[in-house]
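Going left to right, the sequence shown walks through residues 1 to 391 as the UniProt record's numbering numbers them.
Ideal Cβ placement from N, Cα and C applies to all residues, glycine included.
Step one of this worksheet: look at the structure below.
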Amino acid sequence: MTIEGKTASGPNRRLRLGMVGGGRGAFIGAVHRIAARLDDRYELRAGALSSDPERCQASGADLFLPPERCYASFAEMARAEAARDDGIDVVSIVTPNHLHHDAAKAFLEAGIHVICDKPLTTTVEDAEDLAAAVERSGLVFALTHNYTGYPMVRQARAMVAAGDLGVLRVVQVEYPQDWLSTRLEESGQKQAEWRTDPARSGIAGCVGDIGTHAFQLAEFVTGLRCTRLAADLTAFVEGRRLDDNAHMMLRFGNGARGMLWASQVAPGHENGLRLRVYGDKGGLEWFQEQPNHLRFSPLGEPPRTITRGGPGSDGAAAHATRIPSGHPEGYLEGFAQIYRDTADLIVARMGGAAAGEQAALVPTVRDGVRGVRFIHAAVESSRRDAAWVEI
């Protein structure tokens, strides 16, 4: 039975996607659009691509959107698309952080599913308010912590859950970059400008931008919850208003201990996200710049390397694998995995069915709330001379 382009199991078409932000000159918007199309599950139909009307229309023309579906504001877009018979099913929010809450809430209240970039919001109050809005709506809300979509990250999570490492003791995670080692924000570089501006980024710089990725990755792979942290945040570049380096000690609910280092002033590091997890039976190590390899070190045995699509990789990794082993997969595919699993969630919700278990790995609004609480706990701890603070 087909009614208005839907079947009993969901729509018999690509999901209609809208985008807020991501116009000309915006790096992350193009990443999201590529990711959304990689598995052919979405079609971009509408956008509020810029707060500047001319840039919005020009950006829409670049993407072959009809002028009448290039909106001057996200509020107008939410109202108009909700009223259309062919309106969007889901919106992707790729704006600076300070706009996430209002934009996401507008679409949830219009009955439209949401995919939102991280961090969720700039304040804990807004994060909790958005989580409540998601729960009231019954809609799908996905947070694009893209590194959780990497096959070998999912492999690592599955191995920890299976007990291959035993009781977890130590969690080390780091995310060094070097791109903000100078006052790049003064050069007119758009990404540097807003990420170092408290009005748009929130109360943290490096911690909010990449520290949240490191924190979320550690919890995602281990299945543990960090309960307390002691943080030392620094703005090394003179005149910078937000942190560009962070050192933290972490304590987890099972008694495990951890350390987190995030930096955007570490020359020689491009995108060095790395996770090490150690238990009483063995250890794991994953490095984002070599994402198709996972190093597993069983206690008392030679270390071994598990490759994406190779011997030893299991169903969790296979679900997120698109091409044969030896062909690199990485950043774009990680984002695409979040989009693909989110599509499964949305289609299942439309059809009143249960989604597959892998779709349950998509980061949720509650993961977003934890990320915002992490940011605020880190800032509070640093202000108190690295005192221990509850998350």
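Hey, quick one: how far does the alpha helix (DSSP H) through residue i stretch, first residue to last?
i, result
"H32", "27 to 38"
"C116", "Note, C116: premise wrong, no alpha helix (DSSP H); beta strand (DSSP E) at 113 to 116."
"R366", "365 to 383"
"S59", "53 to 62"
"R349", "331 to 351"
"R79", "74 to 83"
"A316", "315 to 319"
"L108", "100 to 109"
Where does the unbroken beta strand (DSSP E) through residue i begin, and where does it stop?
i, result
"D232", "226 to 234"
"T122", "First-last for T122: undefined, no H or E at that position."
"I306", "304 to 307"
"V91", "90 to 93"
In this structure, what does DSSP give as the bridge partners for residue i?
i, result
"E43", "R16"
"F141", "V114"
"E390", "R228"
"P298", "G282"
"F287", "R274"
"A48", "V20"
"H327", "According to DSSP, which records beta bridges pairwise, H327 is partnered with nothing at all."
Please report the Cβ distance between residue i and residue j, rounded to the nearest whole angstrom; I am assuming they are in contact, meaning their Cβ atoms lie under 8 Å.
i, j, result
"A48", "F74", "5 Å"
"L143", "D367", "6 Å"
"M152", "N271", "With a Cβ gap of about 16 Å, M152 and N271 do not count as contacting."
"G258", "V171", "4 Å"
"T196", "I375", "That pair is no contact at about 15 Å."
"Y339", "A103", "Contact flag wrong, Cβ pair sits at about 18 Å."
"G315", "I306", "Their Cβ separation, rounded to whole angstroms, is 13 Å, which puts G315 and I306 out of contact at 8 Å."
"A214", "Y175", "4 Å"
"V124", "M19", "With 8 Å as the limit, V124 and M19 do not qualify as a contact, their Cβ atoms being about 27 Å apart."
"N146", "F335", "4 Å"
"L217", "L275", "6 Å"
"V369", "T342", "About 18 Å; that fails the 8 Å criterion."
"S382", "L260", "Not quite, the Cβ-Cβ distance comes to about 13 Å (not below 8 Å), so this is no contact."
"A204", "L242", "6 Å"
"Q337", "A360", "At roughly 13 Å, the Cβ-Cβ gap does not stay under 8 Å, so Q337 and A360 are not in contact."
"P53", "D178", "About 37 Å; that fails the 8 Å criterion."
"L38", "E219", "So it is not a contact: roughly 26 Å between Cβ atoms."
"G371", "L120", "6 Å"
"C116", "I93", "4 Å"
"L180", "V265", "6 Å"
"L165", "V277", "6 Å"
Measuring from the CB of residue i, is there a heavy atom of the ligand MG at a distance below 7 Å?
i, result
"E285", "Questions concerning the ligand MG fall outside what the structure shown contains, since it holds no ligand whatsoever."
Next item on the list: May I have a chain-ordered list of the alpha helix (DSSP H) segments no shorter than 4 residues that lie completely inside the UniProt domain "GFO/IDH/MocA-like oxidoreductase" (153 to 285)?
Entry: 190 to 195, 198 to 201, 212 to 222
Margin query: So, does the region 295 to 302 touch the region 269 to 287, judging by three or more C-beta pairs under 8 Å?
Written below: yes
Notebook entry, point to check: Does the region 9 to 23 come close enough to the region 338 to 351 to have 3 or more Cβ pairs within less than 8 Å?
Noted result: yes
Notebook entry, point to check: Would you call the region 152 to 168 and the region 225 to 235 touching, i.e. three or more CB-CB distances under 8 Å?
Noted result: no
Checklist line | Touching by the beta-carbon criterion (3+ pairs, under 8 Å), the region 71 to 85 and the region 104 to 119 | finding: Touching, per the Cβ criterion.
Notebook entry, point to check: Can you find at least 3 beta carbon pairs, one from the region 198 to 205 and one from the region 82 to 99, that sit closer than 8 Å?
Noted result: Pairwise C-beta distances place the region 198 to 205 in contact with the region 82 to 99, as three or more of them are shorter than 8 Å.
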